[in-house]
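**Student:**
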Amino acid sequence: MTLPLTYSPEVAAARDEGRPLVALESTIITHGMPFPQNVETARKVEATVREAGAVPATIAILDGVIHVGLTDEELDRLGQAKGVMKLSRADLAVCLAAGKTGATTVAATMICAHLAGISVFATGGIGGVHRGAEDSFDISADLLELAQTPVTVVAAGAKAILDLPKTLEVLETQGVPVIAVGQDDLPAFWSRASGLAAPLRMDDAAQIASAHKLRGALGLKGGQLVANPIPAEHEIPRAEMLPYIDRALAEAEAQRISAKAVTPFLLQRIFELSEGKSLVANIELVLNNARLASAIAKELV
Ligand code: PSU
Ligand code: MN
């Protein structure tokens, strides 16, 4: 059986020429940001990757076909589409078989990037262990994907709506390297500091690329989480974010929001409570991650 997978003209040419590619996810477009900022941001992220000398490959499933690289029309359509599935490892094959349209989370983007031979992926923040997971058992499949698929994921840490200490513990148990960039503290998405020491630290793209290759040479499966702090001029201090996070979490509990709906609900409420400030920071941290991922991709070719 052949896999329904297609490359955009730009990505196909880059593959032929052996140019560095950076994978980008689509759940951040459909479930992480409101229209029209979602489409504008996706385009800015792609432009940033190009300026940094690499080629962007935004990944999504359109009408039952894996698209590695989206054309401008496809990105536009996805950014405004209603009822788009949120796809993780569990959902990919069902979406393809049903001929549906779905956006890929970190986990599903890693799977598709690996199929396309892409080793580096930039996003905002990965999913992780949710607060209250001792009752809800809500642990993102992103963590288990990092443990088994050899893609280096550049994120601004895990989203600060999560239980960060538990997220670090699961990553450690699963053998996933968590590498803070240029600082000892684990970044906390909108804020540079989480107050938690990151397990590992590296200060340049060449070293991170080298660690990626050596993991493969050691025969270790799985990827790396590169935790890149948001630039200082764009960060929202932790103390300012915490009340918004606490209020959004309380509302989610009161409204019994569960499973896949939790993360999109929290991001949307924090956007509203912070009067748009969280979104501005979110956009800047994704752009920053796109720059570092491009540098790593260039070192890898
Ligand atoms: N980063 C962002 N915004 C997002 C996400 C990440 O800046 O919306 C998405 C990613 O696709 C990630 C998903 O994989 O949230 C995690 O969802 P969950 O907690 O349901 O596993
Ligand atoms: Mn979940």
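Residue numbers (our numbering): 159 to 459.
Each residue gets a CB set at the ideal place from its N, CA and C atoms; glycine is no exception.
If you pair each beta-carbon of the region 357 to 365 with each one of the region 337 to 344, do three or more pairs fall below 8 Å?
**Tutor:** Result yes; three or more Cβ-Cβ pairs closer than 8 Å.
**Student:** For Lys-244, write down the residues that DSSP places opposite it in a beta bridge.
**Tutor:** Ala-261, per the DSSP bridge assignment.
**Student:** Report the residue from Val-309, Asp-321, Gln-413, Met-159 whose alpha carbon sits nearest the alpha carbon of Ala-255.
**Tutor:** Measuring from the Cα of Ala-255, the nearest candidate turns out to be Met-159.
**Student:** In its own chain, which residues sit with a C-beta less than 7 Å from the C-beta of Ala-367, not counting the 5 before and 5 after it?
**Tutor:** Once the five neighbours on either side are set aside, the close Cβ partners of Ala-367 are Ile-454, Glu-457, Leu-458.
**Student:** Touching or not, the region 188 to 208 and the region 416 to 433, by the rule of three or more beta carbon pairs under 8 Å?
**Tutor:** Taking 8 Å as the limit for Cβ pairs, the verdict is that the region 416 to 433 does touch the region 188 to 208.
**Student:** Is Lys-371 buried or exposed, if buried means 16 or more other CB atoms sit within 10 Å of its CB?
**Tutor:** Exposed.
**Student:** In whole angstroms, give me the CA-to-CA distance for Arg-427 and Lys-258.
**Tutor:** For Arg-427 and Lys-258, the distance between alpha carbons rounds to 28 Å.
**Student:** If you pair each beta-carbon of the region 433 to 451 with each one of the region 198 to 209, do three or more pairs fall below 8 Å?
**Tutor:** A contact exists between the region 433 to 451 and the region 198 to 209.
**Student:** Tell me Tyr-165's beta-bridge partners as DSSP assigns them.
**Tutor:** Looking at the DSSP assignment, Tyr-165 forms a beta bridge with Val-226.
**Student:** Taking one C-beta from the region 213 to 225 and one from the region 269 to 276 each time, how about it: are there three or more such pairs within less than 8 Å?
**Tutor:** At 8 Å Cβ cutoff, the stretches touch.
**Student:** Assuming Ala-172 and Leu-179 are in contact, meaning their beta carbons sit under 8 Å apart, how far apart are those beta carbons, in whole angstroms?
**Tutor:** Confirmed, about 6 Å.
**Student:** Kindly examine the ligand MN and report whether one of its heavy atoms sits closer than 7 Å to the Cβ of Ala-417.
**Tutor:** Yes, the beta carbon of Ala-417 sits closer than 7 Å to at least one heavy atom of the ligand MN.
**Student:** Locate the alpha helix (DSSP H) running through Arg-449, then write down its first and last residues.
**Tutor:** Unbroken alpha helix (DSSP H) run through Arg-449: 435 to 458.
**Student:** Looking only at its own chain, which residues have a Cβ that is under 8 Å from the Cβ of Ser-294, when we skip the five neighbours before and after it?
**Tutor:** Cβ neighbours of Ser-294 beyond the five flanking positions: His-288, Ser-416.
**Student:** On the premise that Gly-434 lies in contact with Phe-347, defined as a C-beta separation below 8 Å, what is that separation, rounded to the nearest angstrom?
**Tutor:** Contact doesn't hold; Cβ gap of about 16 Å is too wide.
**Student:** Following the continuous alpha helix (DSSP H) through Val-309, name the residue where it begins and the one where it ends.
**Tutor:** Here Val-309 belongs to no alpha helix (DSSP H), and DSSP marks it neither H nor E.
**Student:** Does Thr-281 come out as helix, strand or coil in the three-state DSSP assignment?
**Tutor:** Reduced to three states, the DSSP call for Thr-281 is coil.
**Student:** Determine the direct distance from the alpha carbon of Leu-322 to that of Ile-217, and round the result to whole angstroms.
**Tutor:** So the alpha carbons of these two residues sit roughly 27 Å apart.
**Student:** Applying the criterion that 16 or more other CB atoms from any shown protein chain within 10 Å of the CB defines a buried residue, is Val-252 buried or exposed?
**Tutor:** It is exposed - the Cβ of Val-252 has fewer than 16 other Cβ atoms within 10 Å.
**Student:** Please state the DSSP three-state secondary structure of Val-334.
**Tutor:** Val-334: coil per DSSP, three-state reduction.
**Student:** Would the C-beta of His-272 count as close to the ligand PSU, meaning under 7 Å from any of its heavy atoms?
**Tutor:** No, the ligand PSU has no heavy atom inside 7 Å of this Cβ.
**Student:** Output needed for Glu-168: all residues of its chain with C-beta closer than 7 Å, excluding positions within five of it in sequence on either side, in chain order.
**Tutor:** For Glu-168, where only same-chain residues beyond five positions count, the Cβ hits under 7 Å are Val-213, Gly-227.
**Student:** Go through its chain and collect everything with a Cβ distance to Gly-285's Cβ below 6 Å, but skip five positions before and after it.
**Tutor:** Within the same chain, Gly-285 has close Cβ partners Ser-298, Asp-300.
**Student:** In chain order, what residues of the same chain lie with their CB nearer than 6 Å to the CB of Ala-390, ignoring the 5 residues before and after it?
**Tutor:** For Ala-390, where only same-chain residues beyond five positions count, there are no Cβ hits under 6 Å.
**Student:** Helix, strand or coil for Ile-388 per DSSP?
**Tutor:** Looking at Ile-388 - three-state DSSP - the assignment turns out to be coil, as it is neither helix nor strand.
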